[in-house]
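Trainee: So that we are looking at the same thing, I have put the structure below in structure tokens.
2 protein chains.
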Amino acid sequence: MRELLDRIGPPDETARAACRRALDGKTKPRRSLGRLETLAEQIAALVSLRLPPVPEAAIVVAAADHGVAAEGVSAYPSEVTAQMVANFARGGAAINQLARNAGANLRIVPLALDRPTADLTQAPALSEPEFLAAVTEGYNAVPPECDLLCLGEMGIGNTTVAAAIVAALFGGGGARWAGRGTGVDDEGLARKRQAIDDALARHAAVLHDPLALAAAFGGRELAAILGATLAARRQRIPVVLDGFVCTAAVAPLAKLRADTLAHALASHVSAEAGHPMLLDELHLRPLLALDMRLGEASGAALAVLLLRAALACHSGMATFAEAGVSDKPSADGATTAAAS
Amino acid sequence: MRELLDRIGPPDETARAACRRALDGKTKPRRSLGRLETLAEQIAALVSLRLPPVPEAAIVVAAADHGVAAEGVSAYPSEVTAQMVANFARGGAAINQLARNAGANLRIVPLALDRPTADLTQAPALSEPEFLAAVTEGYNAVPPECDLLCLGEMGIGNTTVAAAIVAALFGGGGARWAGRGTGVDDEGLARKRQAIDDALARHAAVLHDPLALAAAFGGRELAAILGATLAARRQRIPVVLDGFVCTAAVAPLAKLRADTLAHALASHVSAEAGHPMLLDELHLRPLLALDMRLGEASGAALAVLLLRAALACHSGMATFAEAGVSDKPSADGATTAAAS
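Going down the list, the protein sequences come from chains A and B.
Just so you know, the working numbering puts 1534 at position 49 of the first sequence, and the rest follows in order with no gaps.
Just so you know, the working numbering puts 1534 at position 49 of the second sequence, and the rest follows in order with no gaps.
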């Protein structure tokens, strides 16, 4: 996996600058579209095109179960993971509606739902081969012909795993990183903090190694998201991250090499307590803040609407010259038309 | 106009509660879709339907010119208003692309572009008949068959007018409310602050009357937005406000009667300095914060994507019972399926 990172090229700064110049010529005050402009520039740099076309988006939702659910860390029982995967298949979940609304292809990747990971407070959640198998499954799950990839997850217990991973990467323990997930009560939250601290203590020997700790803490769905994110980077596909768990899943990559997540956009900041802090640690600025805490790529499926709007806007707009609209007034107060 | 307000009914709280119950039965942790849920409830109450369908959106952009532009308060010359209206007609502006992207009908309402308002620092910008004519034009501009109305504006000099209106309504003068608009320099900003304070002094006698001050400070496009907002309230059509100028245009209505803007949603908080304060004054919470400062209903045309997503999501989702997904665990830790 480390060799893969060495084959990833940097963003194309020439394309970014060309995009900047193109946007500055459009009929609007310079930079007045704010983040719609910086997003377009970022995507231009990533896909190496001056004005990228409106992307075809795909959504990949990875699902798996977690041994740590036995510690009473979630408001819902483990069987809900498989029940929700069935709900995804029948089209009844939130992400089915949001994917259709966004015109995005939705792919569900259930990972060994009959074999939950080991309880990370007791043992390594995944062996190295199990971890690599899940990473590979995610790597291969990126649909062909997709030029914008939204990632999300489903897995009862996985906010505990995610919090343990980011506690290991960024410090602070369960007290800093545990949140209420799908809505755990005060006692469940206390158990969750304890489980995170127990996991940190049990796996102290591997905490210095981002990939080893990702395996030890597990989450096949988190590993698959990490794999899909790597695949997208190699293919110069921008990635739209969902909430806390999805962001935690890719955080080990940032620790391996600083620019590995140059293609990652934070769709939203969720209501999960650790998410704003995690985004800060990764220098990611969310596009939306809607108090959501569902997962399933639901936030990513909303952010993709803004990304498509940004690119649709810039690709269709007239320049000052084309439209015969006056650009800046001259210094003495008289005006100059860019068209003249 | 005051008589009209008396004929406006309150939001339907029964529909709001029914929507709440319907959303709580859907396959997701309760309220985990955050603002997507409260938005759906708000629209349910306004249109008096338990689960409102995905709305057909229309965008109305009002455009007009301002005598105060002669005070050197804008980075652009007045002729840009008419040039941009021509650009709208040819489909070359940002809002053309964003409207198409949102699947929304776009209507441009140019108001007497050959007759700028009087300079509000010197005289009333609009006479009462002129003001009422512009309000009426906006009132009648709401397209039939529209069930979500986005409002926006174009008018060189209109952030000065907007700032003067909200300074009169909420106090604080030019120092508090003047911002850089399309990008005025420091000297222009100083002139803008002065123009606002001059306007407040000149029209001191009418500042207690929200509609009289709206006429005295003018902006035919602001008056038209006020009219369209009234028409939408009467027709139970939710309104999506754009940025600072658009929000300032409807602010006098909130002073007339507290619930007049119950149907108004703030699409975004813009980069214009006064906008966050104005939204606070009106108790409006923006959906987006993207550092935009273009106007033209550009922020509203993005927010409509989220509103449509909210309603598309809820109308299509399965309930716990339909999907056979376990709902909350019982108090003793065993689980109960809502379906069983």
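All C-beta atoms, glycine included, are put in the ideal place defined by N, C-alpha and C.
(1) Are the segment 1501–1519 of chain A and the segment 1546–1560 of chain A touching, with three or more C-beta to C-beta distances below 8 Å?
(2) Using DSSP with H/G/I as helix, E/B as strand and the rest coil, what is B:D1550?
(3) Check whether the Cβ atoms of B:L1775 and B:H1760 sit closer than 8 Å, and answer yes or no.
(4) Verify the CB distance criterion: does B:C1731 have a CB-CB separation below 8 Å to chain A?
(5) Using three-state DSSP, classify A:L1769 as helix, strand or coil.
(6) So is A:L1741 buried or exposed if we call it buried at 16+ other beta carbons inside 10 Å?
(7) Between which two residues does the alpha helix (DSSP H) harbouring A:I1681 extend?
(8) Using only CA atoms, which one of A:V1810, A:A1653, A:L1772, A:A1652 lies nearest to A:R1793?
(9) If you pair each beta-carbon of the segment 1605–1621 of chain B with each one of the segment 1667–1687 of chain B, do three or more pairs fall below 8 Å?
(10) Buried or exposed for A:A1816, going by 16 or more other Cβ atoms inside 10 Å?
(11) Does DSSP put A:R1592 in a helix, in a strand, or in coil?
(12) Against B:G1668, what residues of chain D qualify as contacts under a CB-to-CB distance less than 9 Å, listed in chain order?
(13) Do we get a CB-CB distance below 8 Å when we pair A:M1762 with the residues of chain B?
(14) Quick check: the Cα distance between A:G1588 and A:A1786, rounded to an integer number of angstroms?
(15) Within the chosen definition, does the segment 1622–1632 of chain A reach the segment 1695–1703 of chain A through at least 3 CB pairs nearer than 8 Å?
(16) With a Cβ-Cβ cutoff of 8 Å, do B:C1646 and B:H1768 count as a contact?
(17) Roughly how many angstroms lie between the CA atoms of A:T1644 and A:P1601, to the nearest whole one?
(18) With 8 Å as the threshold, decide whether the Cβ of A:P1562 is near any Cβ in chain B.
(19) Relative to the C-alpha of B:L1862, which candidate in B:T1745, B:V1620, B:I1641 has its C-alpha closest?
(20) Would you mind sorting B:P1629 into buried or exposed? The rule is 16 or more other CB atoms within 10 Å of its CB.
(21) For B:A1529, which residues of its own chain have a beta-carbon under 8 Å away from its beta-carbon, when the five flanking residues on both sides are left out?
(22) Kindly list, in the order they appear in chain B, the residues whose Cβ is closer than 7 Å to that of A:E1807.
(23) Could you tell me which chain A residues have their CB closer than 9 Å to the CB of B:S1783, listed as they occur along the chain?
(24) Which runs of the beta strand (DSSP E), 3 residues or longer, sit entirely within the segment 1502–1567 of chain B?
(25) Excluding sequence positions up to five away, which residues of its chain have a Cβ less than 6 Å from the Cβ of A:A1823?
(26) Taking B:V1789 and B:C1631 to be in contact with their CB atoms under 8 Å, please state how far apart those CB atoms are, rounded to whole angstroms.
(27) Please check if any C-beta of chain B sits within less than 8 Å of the C-beta of A:L1787.
(28) Report the three-state DSSP secondary structure of A:V1627 (helix, strand or coil).
(29) Using a C-beta cutoff of 8 Å, does A:G1728 count as contacting chain B?
(30) Residues in its own chain within less than 6 Å of A:G1659 by CB, not counting five upstream and five downstream?
(31) Could you give the DSSP three-state label for B:A1708: helix, strand or coil?
(32) Going by DSSP in three states, A:R1661 sits in which element: helix, strand or coil?
(33) By DSSP, does B:G1637 sit in helix, in strand, or in coil?
(34) Taking buried to mean at least 16 other C-beta atoms within 10 Å of its own C-beta, is B:D1727 buried or exposed?
(35) Taking 8 Å as the CB-CB cut-off, is B:D1765 touching chain A?
(36) Is A:D1491 helix, strand or coil by DSSP?
Mentor: Result, derived from the coordinates:
(1) No, the segment 1501–1519 of chain A is not in contact with the segment 1546–1560 of chain A.
(2) The answer is coil: DSSP assigns B:D1550 none of H, G, I, E or B.
(3) The criterion of a C-beta distance shorter than 8 Å is not satisfied by B:L1775 and B:H1760.
(4) Not closer than 8 Å to any Cβ of chain A, the Cβ of B:C1731 fails to qualify, so no.
(5) Residue state, collapsed to three classes: coil.
(6) With fewer than 16 other Cβ atoms within 10 Å, it is exposed.
(7) Note, A:I1681: alpha helix (DSSP H), 1671–1687.
(8) Of the listed residues, the one whose Cα sits closest to A:R1793 is A:L1772.
(9) In this structure the segment 1605–1621 of chain B touches the segment 1667–1687 of chain B; the number of beta carbon pairs closer than 8 Å is three or more.
(10) Bear in mind that the predicted position of A:A1816 carries a pLDDT of just 39, short of 50, making it unreliable; the figure below should be weighed with that in mind. Looking at its Cβ environment, which holds fewer than 16 other Cβ atoms inside 10 Å, A:A1816 is exposed.
(11) Strand, per DSSP.
(12) The structure shown contains no chain D; its protein chains are A and B.
(13) Not an interface residue.
(14) Those two C-alpha atoms are separated by around 9 Å.
(15) The count of Cβ pairs closer than 8 Å, one atom from the segment 1622–1632 of chain A and one from the segment 1695–1703 of chain A, stays below three, leaving the stretches out of contact.
(16) At residue 1646 of chain B the sequence reads Val, which differs from the Cys that was named. No; because the gap between Cβ atoms is not below 8 Å, this pair is not in contact.
(17) The alpha-carbon atoms of A:T1644 and A:P1601 are separated by roughly 15 Å.
(18) Judged by the 8 Å Cβ criterion, A:P1562 is in contact with chain B.
(19) One cannot answer for residue 1862 of chain B here, as it falls past the ends of chain B, which runs 1486 to 1825.
(20) It is exposed - the Cβ of B:P1629 has fewer than 16 other Cβ atoms within 10 Å.
(21) D1497, A1500, R1501, A1503, C1504, R1535, L1536, P1537, listed in sequence order.
(22) Close to A:E1807, with beta-carbon spacing below 7 Å, are these residues of chain B in chain order: G1577.
(23) B:S1783 reaches chain A at K1513, S1517, L1518, L1521, C1798, counting residues in chain order whose Cβ is nearer than 9 Å.
(24) As far as the segment 1502–1567 of chain B is concerned, its whole beta strand (DSSP E) runs of at least 3 residues are 1542–1548.
(25) Annotation note: pLDDT 35 at A:A1823 (below 50); position unreliable, coordinate value reported separately. Scanning its chain for C-beta atoms nearer than 6 Å, with the 5 sequence neighbours on each side dropped, one finds around A:A1823 the residues F1805, A1806, D1812, in chain order.
(26) Contact between B:V1789 and B:C1631 is ruled out by a C-beta separation of about 11 Å, above the 8 Å threshold.
(27) By this cut-off, A:L1787 is an interface position.
(28) Three-state result, A:V1627: coil.
(29) A:G1728 does not count as touching chain B.
(30) Non-local C-beta neighbours of A:G1659 in its own chain, meaning closer than 6 Å and more than five positions away in sequence, comprise R1678, I1681, D1682, ordered along the chain.
(31) If DSSP states are grouped into helix, strand and coil, B:A1708 belongs with the helices.
(32) A:R1661 falls in the helix class under three-state DSSP.
(33) B:G1637 falls in the strand class under three-state DSSP.
(34) Buried, because 16 or more other Cβ atoms sit within 10 Å of the Cβ of B:D1727.
(35) B:D1765 does not count as touching chain A.
(36) Here A:D1491 sits in helix by DSSP.
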